[in-house]
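K.L.:
First, the structure itself, so that you have it in front of you.
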Amino acid sequence: MSERSFTIHEIEGYIESIFLVESEGRLLLLDGGCRGDAARIEAFITGTMGRPMADLKLMAVSHMHPDHAGGAPILRQKFGIPIAAHHRVDDWYRGWRGWLQNQVDRRLARFSARRNGKKRERVAYPRKLTPDYPLRDGDQLPGFPEWVTMTFPGHTSFDIGLFNKTRSVFYAADLILCINGKFMLPFPIPFPEEMKGSLTRFAKLNAETLLLAHGGKLKNMDFARLAGPLIERVGEVSNPMFRRILPFTTIGPEIKRKHRKKSR
Ligand SMILES: [Zn+2]
């Protein structure tokens, strides 16, 4: 293996894409997928790649939703692989409101699986991630200093993206989705103003490779042109099913706290 080797593998998860970065022989996982994806990731590393799990040095989790934070705790427990995530990530589902919000979000994940014609799988996972490496804006990933943390609130309060300037790669997680060739916003967006700020921040970035958890690996995208029309649409919910469940997406403790503060 060459000293400067760098490859991004895409693993098809239950309802999302998972990216496994191979950098000079060491592996970095960008999100751990759903609970059931832990086995898929393991099979990819040990089977497809023929590598030991010990080569996976770090898992970065972008936010607490079931299709991002479900698999990592299983792999940590089984193989001792550390997790890096937003330093306040565990506040997202805290308390009884957090429990309820998590139930709703799991239901949304199952809905998405059904819509994609996937077989039913369990999506339950711990509501607390307890990151081994709590991240703040501007932090480098431990052991992978080329990857820099950027916070992108809006979809949750504690979403992060990861930017590798050296290799010109940006992992956007759920900041933007691309479904059937159409760019769209994630659902839900409990903090529209923060989301607009996050998209504006994204618009100023530039990278050859854009990685989307729902949309895959995209090349040579113009971030500003991509974000512009989406910023205009923050606040719109056109999907009737999403509109119906909208009230149930604002139960979480952080959402209540911020909305309370605003109405004061
Ligand atoms: Zn999400």
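In the numbering used here, the protein residues as written are 72 to 335.
Beta carbons: idealized from backbone N, C-alpha and C, even for Gly.
Quick caveat: nothing in here was measured; it's all calculated off a predicted structure.
What did DSSP end up calling residue 267 once you bin it into helix, strand or coil?
P.N.:
Here residue 267 corresponds to residue number 196 of the sequence shown, with the count starting at 1. In this structure, residue 267 counts as helix in the three-state DSSP scheme.
K.L.:
Indicate whether the contact test is met: 3 or more Cβ pairs, each with one atom in the region 164 to 179 and one in the region 316 to 325, closer than 8 Å.
P.N.:
Contact holds: three or more Cβ-Cβ distances are below 8 Å.
K.L.:
How many angstroms separate the CA atom of residue 113 from the CA atom of residue 283?
P.N.:
Within the sequence shown, residue 113 is the residue found at index 42, counting from 1. Within the sequence shown, residue 283 is the residue found at index 212, counting from 1. Using only the alpha carbons, I get a separation of about 21 Å.
K.L.:
CA-CA distance, residue 72 and residue 96?
P.N.:
For the purposes of this step, residue 72 is identified with residue 1 of the sequence shown, where counting begins at 1. For the purposes of this step, residue 96 is identified with residue 25 of the sequence shown, where counting begins at 1. Unreliable positioning characterises residue 72 in this predicted model, as indicated by a pLDDT of 49, which lies under 50. The coordinate reading is nonetheless provided below. If I take the Cα positions, the gap works out to 7 Å.
K.L.:
Let's see if you can read the secondary structure: which residues bound the alpha helix (DSSP H) around residue 295?
P.N.:
In the sequence shown, the residue the question calls residue 295 occupies position 224. Per DSSP, residue 295 belongs to the alpha helix (DSSP H) from 294 to 304.
K.L.:
Work out the CA separation of residue 300 and residue 175 for me, nearest whole Å.
P.N.:
Here residue 175 refers to the residue found at position 104 when the sequence shown is read from its first residue. Here residue 300 refers to the residue found at position 229 when the sequence shown is read from its first residue. Residue 175 and residue 300: Cα-Cα distance of roughly 29 Å.
K.L.:
Please give the ranges of any beta strand (DSSP E) in the region 138 to 197, keeping only runs that are unbroken, at least 3 residues long and fully inside the region.
P.N.:
Here the runs fully enclosed are 154 to 157.
K.L.:
Taking the alpha carbon of residue 89 as the reference point, which residue from 76, 115 and 234 has its own alpha carbon closest?
P.N.:
On the sequence shown, residue 89 is found 18 positions in, with the first residue counted as 1. Among 76, 115 and 234, the Cα nearest to that of residue 89 is on 115.
K.L.:
Taking the C-alpha atoms as reference points, what is the distance between residue 123 and residue 233?
P.N.:
Stepping through the sequence shown from its first residue, residue 123 is reached at position 52. Stepping through the sequence shown from its first residue, residue 233 is reached at position 162. Answer to the nearest angstrom: the Cα atoms are 25 Å apart.
K.L.:
Is the beta carbon of residue 187 sitting closer than 8 Å to the one on residue 86?
P.N.:
Looking up residue 187 in the sequence shown gives position 116. Looking up residue 86 in the sequence shown gives position 15. Cβ distance < 8 Å, so residue 187 and residue 86 count as in contact.
K.L.:
Between the region 139 to 147 and the region 189 to 202, are three or more C-beta pairs nearer than 8 Å?
P.N.:
Counting Cβ pairs under 8 Å, three or more are found: they touch.
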